[in-house]
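Following: one structure in structure tokens, then a few remarks.
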Amino acid sequence: MKILPSTAAPGEGKIGGMKTASFQKPLGGGKVQCLLCPHGCVLAEGGTGRCRVRKVLGGTLRALAADKVVALHLDPVEKKPLYHVFPGAPVLSFATVGCNLSCRFCQNASISQFRGDPPPGDPLSAEEIVERAHTNRCPAVAATYTEPTVFFELAREVGLAARARGILNLWVTNGFISTQAGADLAGWLDGANVDLKSMRDETYREYCGGRLAPVLETIEGLHRRGVWVEVTTLVIPGMNDSPEELREAARFLASLSPDIPWHVTAFHPDFRMLDRGPTPAGKLIEAVEIGREEGLRFVYPGNVRIRGGGDTLCPSCGDVVIRRSGFALEANRLRGGACPGCGTKIAGIWEMAAG
Ligand code: SF4
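Per this note's numbering, the very first residue in the sequence shown carries number 236; after that it's consecutive.
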């Protein structure tokens with residue numbers, strides 16, 4: 236792991252990964268239920284949840300990875316991807332191990348699917364992480380790479396500390412979080428990219444070990460509560476790439492808001508899904524067209540070079556207001572969050588709020 240330099244004094248919060256877990260409910264007979272995600276694991280003493288980072292010890296559910304940071308990097312915000320948040324900004328991105336899904340096509344399986352007790356990682360407090368963001372002139376921090384839900388306690392502390400310093404906080408998430416935790420999240424999160432892996436519940440169950448409905452609820456709930464939401468669909472040949480399913484996804488998002496950016500990204504064989512080839516660029520172009528037909532104003536192909544595909548166009552006059560090449564920002568022509576040609580406001584977080 237590459238740890239960035241810090242000017243922070245050693246902070247509090249080095250709790251040895253034994254923090255009391257949020258969203259737990261004692262049951263009879265010494266059992267505890269975790270209410271953090273829709274799995275709702277019921278665990279006896281010594282039992283570990285499906286995410287492998289929450290464990291019952293001494294009758295209490297503990298967050299094993301709460302201060303065990305395994306990844307800490309500076310990434311462009313475009314890499315999250317979040318295209319409508321501070322274009323070109325460096326974002327301090329962090330993660331612990333663990334995930335509550337088990338996607339066969341995971342691109343970060345070495346850390347998301349890590350099995351081991353105790354989990355690896357360097358002890359870093361929320362204050363230290365935020366201090367490093369400040370030192371490196373990051374306008375935002377991001378909980379990403381694995382699944383922030385399962386390191387909720389650390390992500391929440393970072394989120395609150397970031398807000399206190401005028402730094403935005405972002406999540407890149409699978410959206411598989413309980414209603415209760417999702418409502419809490421919406422109270423302090425600024426922006427999120429939520430995966431929408433399929434519009435078929437059976438696909439979520441078979442390929443990811445999850446369910447569709449909670450993910451749709453998360454997308455809807457975050458958007459309704461004012462969190463800036465972008466959505467990513469990894470388009471996988473033979474799994475979720477039919478025009479009908481892509482159209483259902485686009486229609487769902489457009490029903491919430493035509494301003495929700497939809498990233499349709501290319502699959503590459505990885506982890507336990509090596510039985511098919513990468514997504515052809517033509518399929519992503521088709522997905523972009525479907526998204527636009529369904530009324531979405533901002534649809535971006537990703538993980539593949541398509542000329543102009545990463546650009547943000549004004550939905551009124553069609554001018555390029557932001558030009559990108561891969562993860563690199565080439566030009567930002569927005570003026571006060573609006574198209575410089577026709578003055579149309581472009582949805583997004585373009586400037587820090589005053590005060
Ligand atoms: S967060 Fe982990 S322990 Fe809690 S319900 Fe989900 S998978 Fe189970």
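Glycine included, every Cβ here is placed at the ideal spot set by N, Cα and C.
From LEU469 to LYS432, what does the alpha carbon distance come to, in whole angstroms? Numbered from 1 along the sequence shown, position 234 holds the residue referred to as residue 469. Numbered from 1 along the sequence shown, position 197 holds the residue referred to as residue 432. Looking at the backbone, the Cα of LEU469 and that of LYS432 are separated by about 6 Å.
Using a threshold of 8 Å, state whether the C-beta atoms of CYS276 and THR384 are closer than that. Along the sequence shown, one-based indexing puts residue 276 at 41. Along the sequence shown, one-based indexing puts residue 384 at 149. Cβ distance not < 8 Å, so CYS276 and THR384 don't count as in contact.
Among all residues, which have a Cβ less than 6 Å from at least one non-hydrogen atom of the ligand SF4, and in what chain order do they fall? Answer in sequence order: CYS269, LEU271, CYS272, HIS274, GLY275, CYS276, GLY284, ARG285, CYS286, ARG289, ASN335 and VAL385.
Completely contained beta strand (DSSP E) runs for the stretch 251-278, where each covers 3 or more residues: Counting only runs of 3+ residues, the beta strand (DSSP E) found wholly inside the stretch 251-278 occupies 259-261 and 267-269, in chain order.
Segments of 3+ residues assigned as beta strand (DSSP E) that fall wholly inside the stretch 281-332: Counting only runs of 3 or more, we get 289-292, 295-298, 306-311 and 325-330.
Report yes or no: do three or more beta-carbon pairs, one from the stretch 506-524 and one from the stretch 293-305, lie closer than 8 Å? Contact annotation: the stretch 506-524 does not touch the stretch 293-305, with fewer than three C-beta pairs closer than 8 Å.
Rounded separation between ASP357 and GLY282 - CA only: Residue mapping note: residue 357 aligns to position 122 of the sequence shown, counting from 1. Residue mapping note: residue 282 aligns to position 47 of the sequence shown, counting from 1. Each residue's Cα considered, the two are about 24 Å apart.
Just curious, the alpha helix (DSSP H) that ARG486 is in, first and last residue? Here residue 486 corresponds to residue number 251 of the sequence shown, with the count starting at 1. For ARG486, the enclosing alpha helix (DSSP H) starts and ends at 478-491.
Spell out the partners DSSP gives TYR535 in its beta bridges. Working through the sequence shown from its first residue, we reach residue 535 at position 300. Listed as beta-bridge partners of TYR535 by DSSP are HIS498.
I need the DSSP call for LYS580, collapsed to helix, strand or coil. Counting from one through the sequence shown, the residue named residue 580 turns up at place 345. In the three-state reduction of the DSSP assignment, LYS580 falls in the strand class, which pools E and B.
If you count every other CB in all the chains shown that lies within 10 Å of the CB of SER360, and 16 or more means buried, which is it? As a working mapping, residue 360 is identified with position 125 in the sequence shown. By the 10 Å Cβ count, SER360 comes out buried.
Identify which residue in GLU455, ILE471 and THR453 has its Cα closest to the Cα of ASP505. Here residue 505 is taken as the residue at index 270 of the sequence shown, counted from 1. Answer by Cα proximity: ILE471.
In angstroms with no decimal places, state the Cα-to-Cα distance between GLY572 and ALA582. Here residue 572 is taken as the residue at index 337 of the sequence shown, counted from 1. Here residue 582 is taken as the residue at index 347 of the sequence shown, counted from 1. Each residue's alpha carbon lies about 8 Å from the other.
Please report the distance separating the alpha-carbon of GLY537 from that of GLU529. Numbered from its first residue, the sequence shown carries residue 537 at position 302. Numbered from its first residue, the sequence shown carries residue 529 at position 294. Between the alpha carbons of GLY537 and GLU529 lies a gap of roughly 19 Å.
Just verifying my parser: in three-state terms, what is the DSSP assignment at VAL462? In the sequence shown, the residue the question calls residue 462 occupies position 227. Here DSSP, grouped into helix, strand and coil, assigns VAL462 to coil.
When you compare only the Cα positions, how much space is there between HIS498 and VAL407? For the purposes of this step, residue 498 is taken as residue 263 along the sequence shown, with counting starting at 1. For the purposes of this step, residue 407 is taken as residue 172 along the sequence shown, with counting starting at 1. Approximately 13 Å between the Cα atoms of the pair.
Within its chain, find whatever has a CB closer than 8 Å to the CB of GLU565; leave out the 5 residues flanking it on each side and keep chain order. Taking the first residue of the sequence shown as position 1, residue 565 is located at position 330. Excluding sequence neighbours, GLU565 sits near ARG558 and ARG559.
Burial state of ASP430, where buried means 16 or more other Cβ atoms lie within 10 Å: As a working mapping, residue 430 is identified with position 195 in the sequence shown. So ASP430 counts as buried.
For CYS443, does the count of other Cβ atoms within 10 angstroms reach 16, so buried, or fall short, so exposed? Taking the first residue of the sequence shown as position 1, residue 443 is located at position 208. A residue is called buried when at least 16 other Cβ atoms come within 10 angstroms of its Cβ; CYS443 meets this threshold and is buried.
Just to confirm, are LEU270 and SER490 a CB contact at a threshold of 8 Å? Within the sequence shown, the letter at position 35 stands for residue 270. Within the sequence shown, the letter at position 255 stands for residue 490. At least 8 Å separates the beta-carbon of LEU270 from that of SER490.
CYS334 beta carbon less than 8 Å from that of SER347: Residue numbering aside, residue 347 sits at position 112 when the sequence shown is read from its first letter. Residue numbering aside, residue 334 sits at position 99 when the sequence shown is read from its first letter. Yes, Cβ-Cβ distance for SER347 and CYS334 is below 8 Å.
Does the stretch 416-430 come within contact of the stretch 388-396, defined as at least 3 CB pairs closer than 8 Å? In short, these stretches touch, since the Cβ pair count reaches three.
Thinking C-alpha only, which one of LEU327, GLY544 and ALA330 is nearest VAL523? Here residue 523 refers to the residue found at position 288 when the sequence shown is read from its first residue. Shortest Cα-Cα distance from VAL523 to any of LEU327, GLY544 and ALA330 involves GLY544.
Here's a check: name, in chain order, each residue in its chain whose Cβ is nearer than 7 Å to the Cβ of THR255, leaving out the five neighbours to either side. Residue mapping note: residue 255 aligns to position 20 of the sequence shown, counting from 1. For THR255, where only same-chain residues beyond five positions count, the Cβ hits under 7 Å are THR295 and ARG297.
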